[in-house]
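Taking it in order: structure first as structure tokens, then the write-up.
Residue numbers (the numbering used here): -19 to 677.
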């Protein structure tokens, strides 16, 4: 049989790519925490495949090696394609988690989803175990090729998704797997197989973009919200200008034609749509994974002329920083459709630097992009520089004490997840360390402008940000941090102004007057609290600030019904503000992408994974152990299990934090995934000396 090292390299290459592409599909279809099922159930499939070999080992090893490998690869090729098509069409919804104890069909749907995810990995696990059983004396070489294949697969993900997008990339993997199966019958050595695979790769790569259409219609969970524009509005009310996959997900651009719909969207999301043009011109909308989005106004000369849109300074609540700052140097984190750049320019900003992490948005808004002219060339305007990098990375590269205003207007990082496989969306933009970095960048009179969601009952995001900013200011050297903060409530949004030095009485009065005339309620500091009134305040921001002054902020946070703890770069989960002790599995809270449904999904994945491991792995092993399958000596069994369990656990504990933190260093989670994961896998194989021995092949 041709070298098995080539096959194990190839299937490991395919395995990591399947995991990454499946996370992209599920993250597009449903909320990010649903994607958590990919890794545990892929590994479970791996274990089931290994068990299948152990159970039927005697029968399988009677078959010709060439036949076993060829048939397995043929089956893998078919299942990759079938699983992909079914996952795209499968109606995976968060309501299945919510109704789990009330509706048996919900359990059935979840089991179907798990099966679709697991099937390809069952065959991959079978093949890997087959090769290690076939040639135990070459375990070091096989291990090396296994990890190198996985590492190069991680690196290839970046290239493939940009070149062929998602379905065509998986179609290519299926085609190459089929080709490898056939080549096993017609080729006599591994060199012929390699040349054949390369030829097929080139041919498929040239033909796929022309012959195989990228599937655009997915079964989307309606709970994702109105940003799933095709699911919420009639087709005649919008045009699809662009739809393309990239390593962070899929970005779509919709031109909203219906004026009534434009007004309804504007009214419901004023915080991120406000622009100082009267009347507002037509806008299009970037939607990434139908969750993170941003408007793009038609600020081209003909677009402004069509509605006779004129700049009207200080007409919007979000312009409040410019009541204090004159001709500031501005940093915009999350430039999106350029609205914040436009407003800064209308206020005479001396210079504007921006960061946009989404490569599709950056490309389409830059020169040569579809929306460059439509947006009034805002990304390439005078004194404007926009970079396709992470906002924290940009801040660290700029000169300290050199900017006057940093704007983060509703910037979310759901599209910034490097794999989509985390239970909570992490954000390094809102950590205590991030606020300290922003303060270092500011001039003495500079300020940060955060805009976050408000909630009707107990404040969550904004109060958590309040706590983070107070602590960051204290650690940055502020003597009385509460005097550096003003918060206003504006149409379901908060306007958080964080000044490097304390607000003067004149500045504070100017902001308060502006709030009064722009539909904005002063949230912090209230007059009663600031004047030390004897009456107890019911304002949670005042209460927290008083607890902070008294050194009792941890006590306040402990008894507060939501998690408002100060987060750091080591614990960057800003959007996790529900507490586990408030979780009731029979009354699951669903609030857009958050809620106690997150705990539900975590617990279910854990419990179901444990249950399936018992059913499909431990029970078969126990049963067939009695039938005479050889095992390790009893004295070595427990150390063997503990060692390899700790090895896998330790690898994951290193891999995940390194991929996240290297995103800050490298400037994008895309680079972190491609470089960090690939390097970890490749050098893990070399660490054991496998590379040296493999070189003799």
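Just so you know, even glycine gets a beta-carbon here, dropped at the ideal spot from N, CA and C.
The model shown is predicted, which means the values in this text are computed figures rather than measured ones.
Those residues which DSSP pairs with residue i across a bridge
| i | result |
| --- | --- |
| residue 223 | 232 |
| residue 277 | 263 |
| residue 563 | Answer is none; residue 563 lacks a bridge partner. |
| residue 309 | 331 |
| residue 257 | 291 |
| residue 652 | According to DSSP, which records beta bridges pairwise, residue 652 is partnered with nothing at all. |
| residue 422 | 383 |
| residue 73 | DSSP lists no partner for residue 73. |
| residue 634 | Answer by DSSP bridge pairing: none, since residue 634 is not bridged. |
| residue 268 | 231 and 272 |
| residue 432 | 474 |
| residue 504 | 467 |
| residue 427 | 385 and 479 |
Span of the alpha helix (DSSP H) around residue i
| i | result |
| --- | --- |
| residue 137 | 119 to 144 |
| residue 69 | 45 to 69 |
| residue 0 | -16 to 9 |
| residue 365 | Not the alpha helix (DSSP H): residue 365 falls in the beta strand (DSSP E), residues 364 to 367. |
| residue 543 | Where residue 543 is concerned, there is no enclosing alpha helix (DSSP H), given that its DSSP letter is neither H nor E. |
| residue 37 | 37 to 40 |
| residue 171 | 170 to 191 |
| residue 350 | From DSSP, residue 350 is part of no alpha helix (DSSP H); its letter is neither H nor E. |
Terminal residues of the beta strand (DSSP E) in which residue i lies
| i | result |
| --- | --- |
| residue 444 | First-last for residue 444: 441 to 455, but that is the alpha helix (DSSP H), not the beta strand (DSSP E). |
| residue 596 | Taken as a continuous stretch (DSSP letters only), residue 596 belongs to no beta strand (DSSP E), as it is neither H nor E. |
| residue 383 | 383 to 389 |
| residue 469 | 465 to 470 |
| residue 499 | Residue 499 -> no beta strand (DSSP E), and no H or E assigned at all. |
| residue 479 | 473 to 479 |
Which listed residue (the options) has its alpha carbon closest to that of residue i
| i | options | result |
| --- | --- | --- |
| residue 373 | 184, 652 and 90 | 652 |
| residue 412 | 369, 456 and 243 | 456 |
| residue 300 | 54, 257, 476 and 268 | 476 |
| residue 77 | 95, 10 and 210 | 10 |
| residue 45 | 1, 341 and 110 | 110 |
| residue 206 | 629, 246 and 227 | 246 |
| residue 24 | 95, 545, 407 and 357 | 95 |
| residue 263 | 280, -3, 270 and 346 | 280 |
| residue 231 | 317, 555 and 257 | 317 |
| residue 338 | 303, 361 and 391 | 391 |
| residue 491 | 472, 465, 471 and 371 | 465 |
| residue 53 | 102, 276 and 125 | 102 |
| residue 582 | 74, 303 and 189 | 74 |
| residue 570 | 258, 202, 214 and 34 | 202 |
| residue 315 | 272, 304, 328 and 306 | 272 |
| residue 555 | 84, 20, 410 and 601 | 410 |
Cα-Cα separation, residue i to residue j
| i | j | result |
| --- | --- | --- |
| residue 57 | residue 181 | 15 Å |
| residue 72 | residue 223 | 22 Å |
| residue 608 | residue 177 | At residue 608, the pLDDT of 42 sits below 50, so the modelled position is not reliable; the number obtained from the coordinates is stated separately. Taking the straight line from one Cα to the other gives about 41 Å. |
| residue 636 | residue 16 | 13 Å |
| residue 634 | residue 628 | 10 Å |
| residue 380 | residue 424 | 11 Å |
| residue 398 | residue 209 | Confidence at residue 398 is low in this model, with a pLDDT of 42, below 50, so the placement of that residue is unreliable and no value is reported for it. |
| residue 403 | residue 467 | Confidence at residue 403 is low in this model, with a pLDDT of 45, below 50, so the placement of that residue should be treated as unreliable; the coordinate-derived value is given next. For residue 403 and residue 467, the distance between alpha carbons rounds to 30 Å. |
| residue 204 | residue 268 | 12 Å |
| residue -10 | residue 117 | 21 Å |
| residue 533 | residue 511 | 21 Å |
| residue 154 | residue 92 | 21 Å |
| residue 292 | residue 361 | 20 Å |
| residue 158 | residue 185 | 15 Å |
| residue 576 | residue 557 | 9 Å |
| residue 520 | residue 341 | 38 Å |
| residue 460 | residue 482 | 8 Å |
| residue 256 | residue -8 | 54 Å |
| residue -12 | residue -6 | 10 Å |
| residue 212 | residue 241 | 11 Å |
| residue 603 | residue 452 | 58 Å |
| residue 18 | residue 151 | 19 Å |
| residue 496 | residue 469 | 11 Å |
Residue-chain proximity (residue i, chain D), Cβ-Cβ < 8 Å
| i | result |
| --- | --- |
| residue 361 | Of the protein chains in this structure there is only one, and it is not chain D. |
When you compare the region 246 to 255 with the region 215 to 227, are there three or more beta-carbon pairs, one atom per stretch, that lie closer than 8 Å?
no
Three Cβ pairs or more, each shorter than 8 Å: is that satisfied between the region 310 to 325 and the region 385 to 393?
yes
Would you call the region 345 to 354 in contact with the region 286 to 304, where contact means no fewer than 3 C-beta pairs closer than 8 Å?
no
Three Cβ pairs or more, each shorter than 8 Å: is that satisfied between the region -9 to 5 and the region 182 to 197?
no
Count the C-beta pairs between the region 352 to 369 and the region 318 to 326 that are closer than 8 Å, then say yes if the count reaches three, no if not.
yes
With three or more beta-carbon pairs closer than 8 Å as the criterion, would you say the region 28 to 39 touches the region 117 to 134?
no
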